[in-house]
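Report on one structure; see the data block that follows.
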Amino acid sequence: MRIIRTKDYEDMSRKAANIIGALVVTKPDCVLGLATGSSPIGTYRNLVEGYKNGDLDFSQVKSVNLDEYKGLPKENEQSYFYFMNDNFFKHVNIDPANTHLPDGTEPDSEKACSEYDKVIASMGGVDLQLLGLGHDGHIGFNEPNDEFDKETHCVDLTQMTIEANKRFFDSIDDVPKQAYTMGIATIMRAKTVLMVVSGEDKAQILKDAFFGPIKPEVPASILQLHPNFILVADEAALSLVD
Ligand code: GLP
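If you want it as structure tokens, here you go:
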């Protein structure tokens, strides 16, 4: 595990984008595993800037996202499809046909998940997986106590996650209770895993995940075993370690 300590959110976002940008330059047809949430928004902003100033070309890049709410159609503003388009895809020259998310509108969970696993396999795996960190230690939507060895599956979101995500919805009743997520097994197969963490409210879970025991109650802790895990975190998020 490599830890890159940054001054603040902006600094974190720039450094994470530089790591992704370096891959896009050296391997123009790379497969990027992408994430949603507020943590990677700044990273996407910097990648968009890299595209606009001519440094980055996404024309051959392929992407697979971690997760999608079950039941939300693409045009719903809270769907992760909408988020990705709004924050990243529509601002760069990535081919929409090369971008993938689980199909939230497929009611048959097994079908939605096995089809997504096929998509990931058809790309030959993920070169770099970007991740945020949930307050309960989840990655993607792999909630505590989930098993470590799963592929894409349907999860029941924990109350903590529903609470954390309600800020994006009109009311808590509108927050979907289930999601399709890439499993930990898939995430661990990515050649590089890059996590961005910012803010004091993440300090305790960051400490538990990366400076404590590896256990399914803290899903992100498994990343301690990944051979190429890079954690880019700001001072506030790292305030309980050292
Ligand atoms: C959601 C996403 C995760 C993300 C987490 C943290 O639950 N499914 O992929 O890492 O939120 O979000 P934030 O970065 O907004 O704290």
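Each residue of the sequence shown is one higher than the one before, starting from 3 at the first, in the numbering used here.
For glycine and all other residues, C-beta sits at the position ideal for the given N, C-alpha and C.
On a predicted model such as this, the values are computed, not experimentally measured, just so you know.
A distance criterion of 7 Å places the beta-carbon of T160 beyond contact range of the ligand GLP, judged by its closest non-hydrogen atom. Contact holds between the stretch 187-203 and the stretch 222-239, because three or more Cβ pairs, one in each stretch, are under 8 Å apart.
Going by DSSP, E112 is part of the alpha helix (DSSP H) stretching over S111 to S124. In the DSSP assignment, I216 falls outside any beta strand (DSSP E) and carries neither an H nor an E. Judged by beta-carbon spacing, T163 lies within the 8 Å limit of D138, meaning their Cβ atoms are closer than that value. Pairing G214 with Q131 gives a Cβ-Cβ distance that is not under 8 Å.
In this structure, the CA atom of A24 is about 11 Å from the CA atom of K17. Distance from the Cα of G136 is smallest, within the candidate group I5, E165 and Y118, for E165. E112 and K9 have their C-alpha atoms spaced approximately 43 Å apart. When C-beta atoms of the stretch 89-96 are compared with those of the stretch 41-51, three or more pairs fall below 8 Å, so the two segments count as touching. For V234, the uninterrupted beta strand (DSSP E) run begins and ends at F231 to D236, by DSSP. With a threshold of 16 other beta carbon atoms within 10 Å, K64 meets it and is buried. With a minimum length of 4 residues, the unbroken runs of alpha helix (DSSP H) contained wholly in the stretch 40-76 fall at 43-54. Short note on D69: C-beta closer than 7 Å to some heavy atom of the ligand GLP. Cβ-Cβ separation between V157 and T183: approximately 6 Å, consistent with a contact (criterion under 8 Å). L74 sits buried, since 16 or more C-beta atoms from the chains shown fall within 10 Å of its C-beta.
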